[in-house]
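Residue numbers (my numbering): 450 to 655.
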């Protein structure tokens with residue numbers, strides 16, 4: 450198993466040309482690591498690549514890209530990727546998230562009243578949640594709730610960033626809310642981050 454067996458996304462940081470090139474990550478024969486980039490881009494040697502790994506977080510490596518091969522869509526090229534050196538690892542990556550179905554009660558402090566409603570969290574990261582609730586929320590609204598599944602109770606405040614309509618299990622339209630955590634104390638962030646990484650590792654080892 451390669452070092453980035455679960456990774457699907459990366460960026461090539463071309464500092465010489467002041468470019469950041471989006472790339473995808475795949476695996477070839479003998480579990481070799483493959484990087485796919487736009488066909489007209491020629492990466493430097495060595496290349497600095499940032500891997501978005503769901504378990505390890507944000508990992509920056511010095512890599513050598515060889516054996517370019519045009520892909521089926523003719524718009525990209527795939528390179529064999531040899532990791533020469535790991536330069537940095539940042540587990541604060543908010544994209545590392547896990548799926549769940551946790552039931553909570555969220556509270557919204559409105560100008561003239563306090564509103565409470567049940568909510569279901571469908572994914573959570575150290576940076577935010579995606580939830581469904583009957584509360585009619587708007588971008589910028591902040592809801593408060595307690596999260597009890599991380600080895601202790603964590604008080605969380607989530608600010609609504611995006612809203613979408615999705616079907617529930619009965620195919621009825623409900624509103625889903627993508628939120629980011631605000632004012633999260635360092636001790637609770639550490640506790641939540643540990644929970645997310647533990648669950649992510651468990652999911653990928655099953």
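Positions of the beta carbon are idealized from the N, C-alpha and C atoms, including for glycine.
Classification of residue 582 by the beta-carbon crowding that lies within 10 angstroms, buried from 16 upward: buried
Tell me which residues share the same chain as residue 556 and place their Cβ nearer than 8 angstroms to its Cβ, disregarding the 5 neighbours each side in the sequence. 563, 564, 565, 592, 593 and 594
Does residue 651 come out as helix, strand or coil in the three-state DSSP assignment? helix
Complete beta strand (DSSP E) runs within the segment 563-589 (minimum length 3 residues, chain order): 563-574 and 577-582
Cβ pair count under 8 angstroms reaching 3, the segment 496-513 against the segment 527-540: yes
Quick one: give me the first and last residue of the beta strand (DSSP E) that residue 465 is part of. Secondary structure note for residue 465: it is in no beta strand (DSSP E), with a DSSP letter that is neither H nor E.
Determine, using beta carbons only, whether residue 626 and residue 645 come nearer to each other than 8 angstroms. no
Out of 491, 573, 570 and 631, which one is the CA nearest neighbour of residue 590? Ranking the options by Cα distance to residue 590, first place goes to 631.
Do residue 517 and residue 528 come within 8 angstroms of each other at the CB atom, strictly closer than that value? yes
Tell me, please, which residues DSSP counts as bridged to residue 625. 581 and 613
For residue 646, which beta-bridge partners are listed by DSSP? Answer is none; residue 646 lacks a bridge partner.
To the nearest angstrom, how far is the alpha carbon of residue 455 from that of residue 560? 45 angstroms
So is residue 553 buried or exposed if we call it buried at 16+ other beta carbons inside 10 Å? buried
Could you give the residue range of the beta strand (DSSP E) that holds residue 453? Unbroken run through residue 453: none, as it is neither H nor E.
Taking the C-alpha atoms as reference points, what is the distance between residue 502 and residue 642? 15 angstroms
Closest to residue 486 by CA distance: which of 461, 508, 506 and 466 is it? 461
Residue 635 (DSSP reduced to helix, strand or coil): Reduced to three states, the DSSP call for residue 635 is helix.
Apart from the five residues on each side of it in sequence, which residues of its chain come closer than 6 angstroms, Cβ to Cβ, to residue 606? 591, 593, 631 and 632
Residue 522 (DSSP reduced to helix, strand or coil): coil
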